[in-house]
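Student: Those sequence lines, one after another, are chains A, B and C.
FYI, this note's numbering numbers position 70 of the first sequence as 70, with every residue one higher than the one before it.
FYI, this note's numbering numbers position 53 of the second sequence as 53, with every residue one higher than the one before it.
FYI, this note's numbering numbers position 174 of the third sequence as 174, with every residue one higher than the one before it.
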Amino acid sequence: MAYLLENNDFEVLLTTLQTQGYTVIGPVQRDHTIVYDEVRAVEDLPAGWTDAQAPGSYRLSDQGDGALFGYTVGPHSWKRYLYPASVRLWQAQRQNGTFTVAEDTPKPSKLAFLGMRPCDLQAVALHDRIFMESEFADPFYRAQRQQALFIVVNCTRAGGTCFCASMDTGPRAKTGFDLSLTEIVTDDRHYFILESDSRRGKRLLDALPVRPAEAGEVAVAEERLAAAAASMGRTLDTEHLKERLESSIEHAHWEDVSRRCLTCGNCTMVCPTCFCTTIEDYTDLSGEHAERWRKWDSCFTMEFSYIHGGSVRYSPRARYRQWLMHKLATWVDQFGSFGCVGCGRCITWCPVGIDLTEEARMLTSKEKAR
Amino acid sequence: MKTLDVLLGEIELFHELDPKHIEFLAGCASNVIFQAGELVIKEGAPAKHFFIIRHGTVSVDIHDPRRGYLRLLTVSENEVLGWSWMFPPYRSRFDARAQSLVRAVALDGACIRQKCEDDQVFGYHFYKLFSRVLIHRLEAARMQMANVYG
Amino acid sequence: MRTTPFRLKRVIKETFDTFTVELESTNGHTLSFEPGQFNMLYIFGVGEIPISISGDPFSPEILHHTTRVVGTVTKAMRRLTAGETIGVRGPFGSSWSVEAARGYDVVLVAGGIGLAPLRPVLYHVLMRREEYGKIVLLYGTRSPDDILFRKELEQWRARFDLDVHVTVDYGDEKWHGNVGVVTKLIPKAPFDPLHTMAMVCGPEVMMRFSAAELLKRGVPADNIHVSMERNMKCAVGLCGHCQFSSYFVCKDGPVFRYSQIQQPLAQWEV
Numbered sequence: 001m002a003y004l005l006e007n008n009d010f011e012v013l014l015t016t017l018q019t020q021g022y023t024v025i026g027p028v029q030r031d032h033t034i035v036y037d038e039v040r041a042v043e044d045l046p047a048g049w050t051d052a053q054a055p056g057s058y059r060l061s062d063q064g065d066g067a068l069f070g071y072t073v074g075p076h077s078w079k080r081y082l083y084p085a086s087v088r089l090w091q092a093q094r095q096n097g098t099f100t101v102a103e104d105t106p107k108p109s110k111l112a113f114l115g116m117r118p119c120d121l122q123a124v125a126l127h128d129r130i131f132m133e134s135e136f137a138d139p140f141y142r143a144q145r146q147q148a149l150f151i152v153v154n155c156t157r158a159g160g161t162c163f164c165a166s167m168d169t170g171p172r173a174k175t176g177f178d179l180s181l182t183e184i185v186t187d188d189r190h191y192f193i194l195e196s197d198s199r200r201g202k203r204l205l206d207a208l209p210v211r212p213a214e215a216g217e218v219a220v221a222e223e224r225l226a227a228a229a230a231s232m233g234r235t236l237d238t239e240h241l242k243e244r245l246e247s248s249i250e251h252a253h254w255e256d257v258s259r260r261c262l263t264c265g266n267c268t269m270v271c272p273t274c275f276c277t278t279i280e281d282y283t284d285l286s287g288e289h290a291e292r293w294r295k296w297d298s299c300f301t302m303e304f305s306y307i308h309g310g311s312v313r314y315s316p317r318a319r320y321r322q323w324l325m326h327k328l329a330t331w332v333d334q335f336g337s338f339g340c341v342g343c344g345r346c347i348t349w350c351p352v353g354i355d356l357t358e359e360a361r362m363l364t365s366k367e368k369a370r
Numbered sequence: 001m002k003t004l005d006v007l008l009g010e011i012e013l014f015h016e017l018d019p020k021h022i023e024f025l026a027g028c029a030s031n032v033i034f035q036a037g038e039l040v041i042k043e044g045a046p047a048k049h050f051f052i053i054r055h056g057t058v059s060v061d062i063h064d065p066r067r068g069y070l071r072l073l074t075v076s077e078n079e080v081l082g083w084s085w086m087f088p089p090y091r092s093r094f095d096a097r098a099q100s101l102v103r104a105v106a107l108d109g110a111c112i113r114q115k116c117e118d119d120q121v122f123g124y125h126f127y128k129l130f131s132r133v134l135i136h137r138l139e140a141a142r143m144q145m146a147n148v149y150g
Numbered sequence: 001m002r003t004t005p006f007r008l009k010r011v012i013k014e015t016f017d018t019f020t021v022e023l024e025s026t027n028g029h030t031l032s033f034e035p036g037q038f039n040m041l042y043i044f045g046v047g048e049i050p051i052s053i054s055g056d057p058f059s060p061e062i063l064h065h066t067t068r069v070v071g072t073v074t075k076a077m078r079r080l081t082a083g084e085t086i087g088v089r090g091p092f093g094s095s096w097s098v099e100a101a102r103g104y105d106v107v108l109v110a111g112g113i114g115l116a117p118l119r120p121v122l123y124h125v126l127m128r129r130e131e132y133g134k135i136v137l138l139y140g141t142r143s144p145d146d147i148l149f150r151k152e153l154e155q156w157r158a159r160f161d162l163d164v165h166v167t168v169d170y171g172d173e174k175w176h177g178n179v180g181v182v183t184k185l186i187p188k189a190p191f192d193p194l195h196t197m198a199m200v201c202g203p204e205v206m207m208r209f210s211a212a213e214l215l216k217r218g219v220p221a222d223n224i225h226v227s228m229e230r231n232m233k234c235a236v237g238l239c240g241h242c243q244f245s246s247y248f249v250c251k252d253g254p255v256f257r258y259s260q261i262q263q264p265l266a267q268w269e270v
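(1) Where in the segment 54-97 of chain C do unbroken runs of the beta strand (DSSP E), each at least 3 residues long, occur, reported from the N-terminal end onward?
(2) Quick one: list the residues of chain A neighbouring Leu238/C, beta-carbon separation under 8 angstroms, in chain order.
(3) Under 8 angstroms between C-beta atoms, does Tyr83/A make it to chain C?
(4) So, helix, strand or coil for Lys151/C, using DSSP?
(5) For a quick check, are the C-beta atoms of Val102/B and His55/B less than 8 angstroms apart?
(6) Let me confirm a value: Arg129/C is counted as buried when at least 16 other C-beta atoms fall within 10 Å, else exposed. Which label applies?
(7) Using the Cα positions of Val168/C and Gly109/B, report the straight-line distance between them to the nearest angstrom.
(8) How far does the alpha helix (DSSP H) with Ser61/A in it reach, from first residue to last?
(9) Please report the residue range of the alpha helix (DSSP H) in which Met86/B lies.
(10) I'd like to know whether the C-beta of His176/C is nearer than 8 angstroms to at least one C-beta of chain B.
(11) Any contact between the segment 155-164 of chain A and the segment 103-121 of chain A? By contact I mean 3 or more CB pairs, one from each, below 8 angstroms.
(12) Any residues in the segment 324-352 of chain A with a beta carbon nearer than 9 angstroms to a beta carbon of chain C? Which ones, in chain order?
(13) For chain B, is any of its Cβ atoms less than 8 angstroms away from the one on Arg142/C?
(14) Pick helix, strand or coil for Val109/C, following the three-state DSSP scheme.
(15) Buried or exposed: where does Arg370/A fall if 16 or more other Cβ atoms within 10 Å of its Cβ makes it buried?
(16) Relative to the alpha-carbon of Phe338/A, which residue among Val24/A, Leu324/A and Ala102/A has its alpha-carbon at the smallest distance?
(17) Which full runs of the alpha helix (DSSP H) of 4+ residues lie inside the segment 310-365 of chain A, going along the chain?
(18) Any chance the segment 47-61 of chain A sits against the segment 91-104 of chain A, with 3 or more Cβ pairs inside 8 angstroms?
(19) If contact means a Cβ-Cβ distance below 9 angstroms, which residues of the segment 84-97 of chain C contact chain B?
(20) Which residues in the same chain have their Cβ closer than 6 angstroms to the Cβ of Thr30/C, if we skip the five residues on either side of it in sequence?
(21) Taking C-beta pairs closer than 9 angstroms, name the residues in chain C that Val101/A reaches, listed in chain order.
(22) Using the Cβ count rule (16 or more neighbours within 10 Å means buried), how would you classify Trp268/C?
(23) Apart from the five residues just before and just after Glu43/B, which ones in its own chain have a Cβ nearer than 8 angstroms to its Cβ?
(24) Looking only at its own chain, which residues have a Cβ that is under 6 angstroms from the Cβ of Ala106/B, when we skip the five neighbours before and after it?
(25) To which residues does DSSP link Ala290/A through a beta bridge?
(26) Just the Cα atoms here: how many angstroms apart are Glu10/B and Thr67/C?
(27) Determine the direct distance from the alpha carbon of Ile53/B to that of Gln99/B, and round the result to whole angstroms.
(28) For a cutoff of 8 angstroms on Cβ pairs, would you count Lys184/C as touching chain B?
(29) Applying a beta-carbon distance threshold of less than 9 angstroms, which residues of chain A neighbour Glu61/C?
(30) Could you check which residue in Ser59/B, Met145/B and Met86/B has the C-alpha nearest to that of Glu77/B?
(31) Distance, Cα to Cα, Leu13/B vs Ser365/A?
(32) Residues of chain B with CB closer than 8 angstroms to the CB of Tyr170/C, please, in chain order.
(33) Report yes if the C-beta distance between Met232/A and Phe163/A is below 8 angstroms; otherwise report no.
(34) Tell me, please, whether the CB atom of Trp268/C is closer than 8 angstroms to any CB atom in chain B?
(35) To be precise: take each residue of the segment 85-114 of chain B, compare its Cβ to all Cβ atoms of chain C, and keep it if any distance is under 7 angstroms. Which residues remain?
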């Protein structure tokens with residue numbers, strides 16, 4: 001059942017969320033980039049802005065159409081909130097010749113994620129699989145996940161680097177959200193088509209000044225979503241991709257890409273599905289108090305695979321290969337799906353513009369195969 | 001008391017050889033015994049014989065002034081000891097010392113070399129099986145060099 | 001992720017760079033384990049590392065962990081004295097197939113410190129001796145000074161129901177035993193390849209070459225097991241550090257069937 005919310009009433013969505021006790025996190029403009037941060041009023045949203053993304057390039061420009069969500073994704077993803085970069089796990093205190101450990105308990109906030117893109121929604125689903133369904137669930141993730149409300153904004157415009165259509169993760173969210181919005185801006189109208197997919201979403205919907213959407217209004221939304229799907233800047237052939245990559249494990253092309261890759265790890269930082277962390281143990285100057293922290297880490301560092309004597313993945317070639325193979329091959333064995341949702345962030349934020357769709361294509365091509 | 005060609009026939013290494021080639025070999029062979037601690041081969045001495053160990057253990061050593069004897073390898077039953085007889089100057093490169101009572105078949109290097117010249121079919125078969133021994137030794141030596149326990 | 005303080009009962013100096021810590025619980029709860037599993041050991045304020053349990057699984061009241069001094073944590077651990085505390089988290093990982101090996105000959109091929117994670121297997125099979133066929137231990141290390149658990153090896157060697165062969169990469173004039181690579185001991189070892197479970201542990205190169213020799217002798221790849229080692233932080237399959245192809249060494253391993261990992265083992269920098 002599709003509902004319609006006029007742009008003039010969009011504010012009500014924010015105030016309703018705030019009344020329900022949510023802190024709204026959504027897109028804001030900062031440092032010429034669209035990032036995710038607290039949204040207190042409609043004015044905080046980057047109305048009218050759009051992004052132009054290409055390998056190694058991100059530019060904002062003012063479209064002047066007043067659209068609240070006329071861009072795709074920036075460097076931030078929702079893992080900032082669900083799986084924060086630094087989490088203290090426990091504190092320990094020396095006493096009587098031994099020590100006691102006090103585990104940190106999760107202190108989740110009631111957050112409403114406004115403006116989640118379908119690809120990012122799928123990224124969260126991938127993390128749910130890892131952090132909630134494994135034998136050792138992450139209590140911090142679970143607690144925050146349960147307190148987070150998902151308001152998805154479907155994409156009526158394909159980004160320059162994204163390829164959700166190839167990964168079957170967008171441009172519209174099919175399920176797994178609380179509320180989804182499709183923004184329509186025409187010459188004379190500005191409205192949102194709303195759908196709910198949960199009890200919480202339905203309750204929220206019921207509190208908004210919406211009316212059932214007319215067939216014609218829905219049709220415009222469908223048209224634009226279809227157009228977005230058809231105009232993706234990139235494609236990735238996922239047919240037997242895991243097997244094709246596995247048989248290319250010694251392909252000559254890995255050497256090519258490793259000459260360009262700086263192993264800077266940007267891709268792992270912006271990727272919404274990358275989940276590698278490290279554990280750091282600290283002590284204070286007195287040596288009486290210690291803490292254990294979990295922090296984001298990247299497989300591109302030399303320390304990542306270090307065992308006594310040296311790093312197993314010594315060369316940049318091996319480290320780039322580890323990242324790509326994990327995303328598009330071994331993730332399938334580990335978790336039953338690809339680890340890539342087609343958001344395009346790694347392509348945009350790579351300082352040398354490496355495009356993993358292009359690299360995957362080259363690696364699985366018959367030319368230059370060893 | 002077994003005859004030499006019966007003894008040689010029992011040696012696993014020679015199982016591939018024709019009985020008439022074994023008989024040929026027997027002509028160059030003799031039975032030898034070493035007591036524990038006895039020097040079997042001396043570095044620099046003429047390499048008159050090579051040995052197939054039938055019983056006991058022999059170590060292959062290098063003497064280093066700083067560190068004494070470095071034991072590099074031990075050979076025991078059915079293994080070959082010595083290959084300096086194959087090429088000039090026919091001088092041993094290493095010491096070899098019996099670590100226990102050792103019974104071996106000694107094969108006269110010059111005798112074997114002559115027989116290989118005289119009957120080149122025999123020579124081909126003999127060198128073929130000897131090469132395999134050397135290859136295995138080299139592979140094992142590389143593993144030791146790799147210092148995997150480093 | 002919490003670590004539990006255990007009391008250090010004793011530190012045993014095994015060789016010049018290898019030592020064993022004996023730990024006992026401070027809260028009365030005994031931590032039981034399967035041979036091949038490891039614990040994450042924590043030195044207060046310094047850090048935490050994975051170390052295989054090297055003691056008797058039938059007597060887990062005292063936990064033994066044997067390690068070489070290779071970094072900050074092991075250096076700090078080596079300096080501890082009896083009565084001090086070490087944090088224990090675990091046990092983690094897959095174990096050697098001591099149950100599946102019943103009725104089979106058991107061949108243990110150990111290289112260097114690799115003897116430590118295999119020692120629990122030996123304790124187990126000797127405790128249940130009648131359940132197994134021939135038991136063979138092949139142990140290779142760098143030099144006579146590096147021989148681990150020397151007294152125990154001599155005791156095992158003296159038994160009539162166990163075959164123990166020790167070799168070193170190089171010896172000195174006081175050494176009268178075997179000198180040569182441990183793989184050299186495999187072709188002549190007394191076991192039936194068609195009814196053998198082989199367990200191999202040591203440096204990766206040594207495990208690769210040992211597996212090749214075992215295969216050459218006719219032991220099926222499914223019956224050869226190896227213990228892999230990779231960088232570990234969380235030990236529960238969430239931090240990503242220990243990945244080895246599709247496997248997380250901390251939870252899919254560290255013990256693997258050779259047939260499972262034959263391919264990635266033959267690829268470099270995986």
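Ideal Cβ placement from N, Cα and C applies to all residues, glycine included.
Computed from a predicted structure; not experimentally measured.
Tutor: Per the coordinate set shown:
(1) As far as the segment 54-97 of chain C is concerned, its whole beta strand (DSSP E) runs of at least 3 residues are 62-68 and 85-92.
(2) Ile130, Phe131, Ser134, Phe136, Asp138, Phe275 and Thr277
(3) no
(4) helix
(5) Cβ distance < 8 angstroms, so Val102/B and His55/B count as in contact.
(6) exposed
(7) Those two C-alpha atoms are separated by around 31 angstroms.
(8) Where Ser61/A is concerned, there is no enclosing alpha helix (DSSP H), although the beta strand (DSSP E) it sits in stretches over Ser57 to Asp62.
(9) Run containing Met86/B: none; DSSP gives neither H nor E here.
(10) yes
(11) yes
(12) Met325, His326, Ala329, Thr330, Trp331, Val332, Asp333 and Gln334
(13) yes
(14) strand
(15) With a pLDDT of 48 at Arg370/A, under the threshold of 50, the modelled position of this residue cannot be trusted; read the value that follows with caution. Its Cβ having fewer than 16 others within 10 Å, Arg370/A is exposed.
(16) Leu324/A
(17) 316-325, 331-335, 345-349 and 356-363
(18) Pairwise C-beta distances place the segment 47-61 of chain A out of contact with the segment 91-104 of chain A, as fewer than three of them are shorter than 8 angstroms.
(19) Against chain B - using a Cβ distance shorter than 9 angstroms - the segment 84-97 of chain C contributes no residues.
(20) Pro60 and Glu61
(21) Result: Arg2, Thr3, Thr4, Pro5 and Gly87.
(22) exposed
(23) So the qualifying residues of the chain are Ile62, His63, Ser92, Arg93, Phe94 and Asp95.
(24) Ser30, Val32, His49 and Phe51
(25) Ala92/A and Thr283/A
(26) 46 angstroms
(27) 12 angstroms
(28) yes
(29) Within 9 angstroms Cβ-Cβ: nothing; Glu61/C doesn't reach chain A, min ~18 angstroms.
(30) Ser59/B
(31) 50 angstroms
(32) Leu70, Arg71, Leu72 and Gln144
(33) yes
(34) no
(35) Contact residues of the segment 85-114 of chain B toward chain C are Gln99 (C-beta to C-beta distance below 7 angstroms).
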